[in-house]
Each structure stands twice: as C-alpha cells, then as structure tokens.
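Taking the numbering used here, the leading residue of the sequence shown gets 1, the next gets one more, and so forth.
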Amino acid sequence: MSGSDNIPMTPHGLQKLKDELKHLQSVERGKISREIEVARAHGDLRENAEYHAAKEKQSHIEGRILTLGDWIARAEVIDPAKLGGDKVVFGATVELVDTENDKTISYRLVGETEADLKKRWIAVTSPVARALIGKKVGDIATVQSPGGVRELEVVAISFEDPQEEPVSQS
C-alpha cells in the first residue's frame, strides 16, 4: 500500500484507525516524552541504553502516526450494510465449501488494514479473496494454496454489519 491510491475499508475499520491514531497522539506521545526525560536525567547519553530504547520507541510511534494519518487520508469507506447483490464484492461475507473435504468456512472480505485471520476477515487483495470476487452462489473459485489447488464452492453471500463477528462454520 503506497502512493496515492485509495484504500478500501469498512466504516468500522476506519474508526479503529482513528481510535489508534488518537491514542498514539494523546497518550503514547506524552508517555514516551516523559520516559526520554527520565532517561536523559540519568547522565551520559552515549552509554544510556534506557535513553536509546526510549528514542527508538518514540521513532516507532511517530512512524506509526504518519502511517495511520496516510491510511486515514486515503480511506475509501465502503459500508457492507449498504451493499447487496448476488456477487462477491468487497465487504461481503462468503460461506464456502471446500469441494475436496466438504468443510464449510466463511470469510469476510475487508481492506488490508482490517484483515484478521482469527476473525476470518481476509484482505480483499489476498489470493482467496481475488479468486472469490465476482463469483455467485453455486460458482467454484479455484485457489492456488501452498498445498496445491483448492476448489471452493460459494454457498452463501451476505452483507453483515462489519462490527459483528462472523459466525465460524465447521
């Protein structure tokens, strides 16, 4: 994700970025400044590991603030609750059956900044998501995985509120 391209995300994903940015700016910045002052008071900065660690942490926080600001500025908010239709698109929750083992799984297609495998939220740019885009119920998506080619049949497409956890199917 670089350049001036828009970054698709749900309203919930944008709010999480804004919340993190606000926390870093209002809490973490002040905390790290105090840590640097305390470490500075310990004397010789050349051999002060505490000072160098605090400066490194400050650099990380400032970098994250810049990254979040960039993502927020380029956010293209797409509300899945306002979507519909019979094709897999960004924001859809897709229920699939692996044709090889008949296991059912569901994924929600979200922006790269929101992807979370524990929730089964996958980036719209991931190989599985790219194979699913445009498919309808009954279609087979062919996905190249480390274990070989997998065929996933689309059995349901829904557009839920992205703040809700999708129901895990097995």
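Glycine is no exception: its CB is placed at the ideal position from the N, C-alpha and C atoms.
| Identity of the residues DSSP links to S145 by a beta bridge | G148
| task | List the whole-angstrom C-beta distance separating L96 from E153, where the pair is believed to meet the contact cut-off of C-beta under 8 Å. | result | 6 Å
| message | For L134, which residues in the same chain have their Cβ closer than 6 Å to its Cβ, ignoring the five residues on either side in sequence? | response | In the sequence as displayed, the identity of residue 134 is Gly instead of Leu. Correct list, in chain order: K87.
| In terms of alpha-carbon separation, which member of G148, V143, D5 and D139 lies closest to D70? | D5
| message | Among I7, N48 and R150, whose alpha-carbon lies nearest the alpha-carbon of N101? | response | R150
| message | Contact defined as beta carbons within less than 8 Å: I believe F159 pairs with G84. What is the distance between those atoms, to the nearest angstrom? | response | 6 Å
| task | Below 8 Å CB to CB, which residues in the same chain sit around G91 once its five sequence neighbours on both sides are set aside? | result | T10, I78, D79, P80, L83, R108, L109, V110, F159 and P162
| field | Secondary structure of D86, DSSP reduced to three states | value | coil
| task | Taking all protein chains shown into account, decide if A49 is buried (16 or more other Cβ within 10 angstroms of its Cβ) or exposed. | result | exposed
| query | Buried or exposed: which applies to P146, given that a residue is buried once 16 or more other Cβ atoms fall within 10 Å of its Cβ? | reply | exposed
| said: Applying the 10 Å Cβ sphere with the 16-neighbour rule, what's the burial state of P8? | reply: buried
| query | In three-state terms, what does DSSP make of K57? | reply | helix
| message | Starting from A75, trace the beta strand (DSSP E) in both directions and tell me its first and last residue. | response | A75 to V77
| request: Would you check if the distance between the CB atom of I122 and the CB atom of A131 is smaller than 7 Å? | output: no
| task | Go ahead and pull the three-state DSSP assignment for T179. | result | For the chain, the structure presents residues 1 to 170; residue 179 sits outside this window and is missing.
| W121 - partner residues in DSSP beta bridges | R108 and D116
| field | Beta-carbon proximity list for S33, same chain, < 8 Å, skipping 5 on both sides | value | Q58
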